[in-house]
Amino acid sequence: MNAGAAQERRDADNSAFDFASVQDRIQSEVQRAIQRSIKGVEYFSTSGPMLGSTPKDVLHARGTMNLYHYRPLANEVYRVPVLIVMATTNRGYILDMVPGMSFIEFLLKRGYDVYMLDWTAPRPEERSLAMEDYVLDFIPDCVRRVQEDSGEQDVSVIGYCFGGVLSLLYGSIFNEGPMKNLICFTTPVDFREMKLFANFADRRYFDVDRLIDSVGNMPPEMILSSFEMLRPASRTVSQIQLWENIWNDEYVKSYRMFDRWATDILPLAGEYFRGITKDLMWDNKLYNGTMTVGGRKADIADIKVPILHAVAEHDHIVPYEAAKHLIPRVASTDKEEVMLKGGHVSLVAGPNAVKRLWPKLDTWLAGRST
Amino acid sequence: MADKKSSDPVALWQQMIGEMEKGFNAFANKAMVSPEFSRVLNQAGGLTAGAQKQFGDLMEKYLVSMNLPSRAQMIGVADRLQSIEGQLNEVKAMLHQMNKGAAQGAVAGTPRPPRTRQPPSSGGEKK
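Note that the protein sequences, when read in sequence, are chains G and E. Read in order, the letters of the first sequence correspond to residues 5 to 374 in our numbering. Read in order, the letters of the second sequence correspond to residues 133 to 259 in our numbering.
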């Protein structure tokens with residue numbers, strides 16, 4: 005009897021608690037619904053935050069290639085300049101979002117002299133650009149210009165995603181310098197382990213020659229679709245989440261920044277894409293140590309400079325299995341792999357990166373930049 | 133705290149959406165690693181690419197007949213703009229170099245910071 009009464013009282017207490025809680029929740033949801041309507045109109049009638057606004061000069065531009073020099077923000081800089089090599093599918097402003105969320109700004113304030121090799125969409129007549137143009141021409145040309153502009157022989161190179169692959173190939177071939185340090189973010193080596201991409205590009209069904217011969221450059225829509233297919237539900241869910249959080253200015257700002265970047269995909273030069281498919285996706289030459297670029301051997305085992313590889317714990321684009329071979333393979337004695345929380349993008353940009361990757365990189369690079 | 137969260141319908145809804153997303157992605161990823169998926173995807177992709185190319189050619193002819201600029205002509209204009217931009221950049225770079233030279237000659241300019249920075253000591257922050 006007593007136990008039954010106690011249970012009834014507990015039930016009564018719980019229902020009273022729930023009732024008050026639900027009332028509060030309804031009130032808060034009504035307020036949010038009103039805010040959503042107002043902010044929803046604002047969302048469609050305004051543009052997103054201005055990205056990539058850290059002051060910079062175009063040091064050189066040639067076709068698809070742009071070399072920027074960012075204006076220093078410190079009174080004293082490290083001797084060794086830093087060249088960032090962006091992934092060829094994406095725009096460099098992911099590393100230069102808004103003030104306070106900009107990796108570039110962070111580096112400048114920490115006293116680095118920063119250059120970036122960024123890409124624009126290759127034009128139809130640039131369809132013949134191949135891997136050798138990127139590795140034996142564009143990167144060496146930029147390194148030479150950084151040397152000239154800074155007056156320093158040594159250059160540190162940071163490569164993000166496929167920019168990391170290009171940097172690795174460059175570092176393998178030009179292993180006697182002038183690259184002094186190499187930092188790779190989420191860089192794949194074993195392309196078989198990018199299982200979905202490997203399946204999309206299955207040589208039995210994917211006729212890359214026919215595709216490139218008919219379209220010229222690889223269309224950005226196809227690249228975007230292949231990225232989105234890795235997580236097919238995520239786009240819809242992110243839009244639902246945007247609607248739920250549209251009352252929250254910070255959430256909307258962040259959503260707009262990342263959404264704009266994620267959908268702002270560059271086409272890839274036809275021959276370059278053909279080479280990536282055949283040499284890396286099909287023959288896995290980087291992993292097998294049989295890669296050549298323009299007839300020159302490009303084996304990552306020839307890299308001797310200090311190297312840091314940052315990988316993300318929840319990277320759905322470059323899974324750890326695809327990236328883990330980099331550090332064991334290089335000949336460098338000063339080498340480190342660091343796995344940080346986050347995904348392929350949140351590793352390098354956003355609040356997670358501010359807290360984790362950026363300070364780690366600064367600690368590692370500062371002592372190697374004098 | 134846990135009780136409060138479990139009785140919050142909005143939190144439950146968000147949790148459900150998150151779980152559905154994970155579940156659907158995992159299910160789709162399983163399906164997408166099959167060779168059959170690759171075959172169907174590439175068949176469809178090949179057809180789309182072919183159709184896209186044919187449509188592009190047709191559109192080009194249509195635009196010419198309507199006396200409108202074709203894509204090739206727009207690309208031509210873009211090329212010229214890019215070339216002008218390139219030349220402007222060269223002028224900027226030359227001005228920058230001249231500025232640098234002037235700064236070295238003790239004339240007003242934007243001198244660069246010295247490359248003498250040292251890493252912070254293990255205990256303290258370098259400013």
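Ideal placement from N, C-alpha and C gives every residue a C-beta, glycine not left out.
query, result
"Just to confirm my understanding: we take Val142(E), look at its own chain, exclude 5 residues before and 5 after, and list those with CB closer than 8 Å. What are they?", "none"
"Does the beta carbon of Ala181(E) sit closer than 7 Å to a beta carbon anywhere in chain B?", "You won't find chain B in this structure, because its protein chains are G and E."
"Give the list of continuous alpha helix (DSSP H) stretches no shorter than 4 residues that lie fully inside the stretch 152 to 205 of chain G.", "166 to 177 and 199 to 204"
"Measuring only between beta-carbons, confirm whether Phe187(E) sits less than 7 Å from chain G.", "no"
"Would you say Glu192(E) faces chain G, with C-beta separation under 7 Å as the test?", "no"
"Spatial neighbours of Tyr259(G) within its chain, please: CB distance less than 7 Å, with the 5 preceding and 5 following residues excluded, ordered by chain position.", "Leu246"
"Applying the 10 Å Cβ sphere with the 16-neighbour rule, what's the burial state of Lys113(G)?", "exposed"
"By the 10 Å Cβ neighbour count, where 16 or more other Cβ atoms means buried, how is Gly115(G) classified, buried or exposed?", "buried"
"For the alpha helix (DSSP H) that contains Ala314(G), what are its first and last residues?", "Not the alpha helix (DSSP H): Ala314(G) falls in the beta strand (DSSP E), residues Ile311 to Ala316."
"CB-CB under 6 Å to Thr240(G), same chain, minus the five flanking residues each way: which ones, in chain order?", "none"
"Give the secondary structure of Arg75(G) by DSSP, where H, G and I count as helix, E and B as strand, and everything else as coil.", "coil"
"I'd like to check one pair, Ile143(G) with Tyr174(G): are the Cβ atoms closer than 7 Å?", "yes"
"So is Phe159(E) in contact with chain G if we call contact Cβ pairs under 7 Å?", "no"
"Going straight from the alpha carbon of Ile280(G) to that of Gln184(E), what length do you get?", "23 Å"
"At which residues does the beta strand (DSSP E) containing Trp123(G) begin and terminate?", "Val118 to Trp123"
"Considering only their Cβ atoms, is the gap separating Leu344(G) from Arg333(G) smaller than 7 Å?", "no"
"Which residue marks the beginning of the beta strand (DSSP E) containing Tyr88(G), and which one marks its end?", "Contrary to the premise, residue 88(G) reads as Ile rather than Tyr in this sequence. Run containing Ile88(G): Val86 to Val89, per the beta strand (DSSP E) assignment."
"In whole angstroms, what separates the C-alpha of Thr124(G) from that of Val81(G)?", "29 Å"
"Would the stretch 291 to 304 of chain G count as touching the stretch 157 to 164 of chain G if we require 3 or more Cβ pairs under 8 Å?", "no"
"Using a Cβ-Cβ cutoff of less than 7 Å, which residues in the same chain neighbour Val315(G) once the five nearest sequence positions on both sides are dropped?", "Thr190, Tyr324, Ala327, Glu341 and Met343"
"Hey, does Ser230(G) have any beta-carbon neighbour from chain E nearer than 7 Å?", "no"
"Considering Cα atoms alone, identify which of Pro85(G), Ser57(G) and Pro128(G) is closest to Leu272(G).", "Pro128(G)"
"Whole angstroms are fine: how far does the CA of Leu215(G) sit from the CA of Pro201(E)?", "26 Å"
"Name the DSSP beta bridge partners of Leu344(G), please?", "Ala316(G)"
"With a 10 Å radius around its C-beta and 16 neighbouring C-beta atoms as the bar for buried, classify Ala238(E) as buried or exposed.", "Reliability fails at Ala238(E), whose pLDDT of 47 lies under 50, so the model's placement of it is uncertain and the value that follows must be treated cautiously. Per the 10 Å Cβ criterion, exposed."
"Applying a beta-carbon distance threshold of less than 8 Å, which residues of chain G neighbour Ile149(E)?", "Val241, Ile244 and Gln245"
"Establish whether the CB of Arg284(E) and some CB of chain G are separated by less than 7 Å.", "Nothing in the structure corresponds to residue 284(E), since chain E is present only between 133 and 259."
"Name the chain G residues that come within less than 9 Å of Ile207(E), Cβ to Cβ?", "Arg127, Pro128 and Glu129"
"For the stretch 273 to 288 of chain G, enumerate the residues whose C-beta is nearer than 7 Å to any C-beta of chain E, in chain order.", "none"
"As a quick exercise: from Tyr74(G), Ala65(G), Gly354(G) and Pro363(G), pick the residue whose alpha carbon is nearest that of Arg244(E).", "Tyr74(G)"
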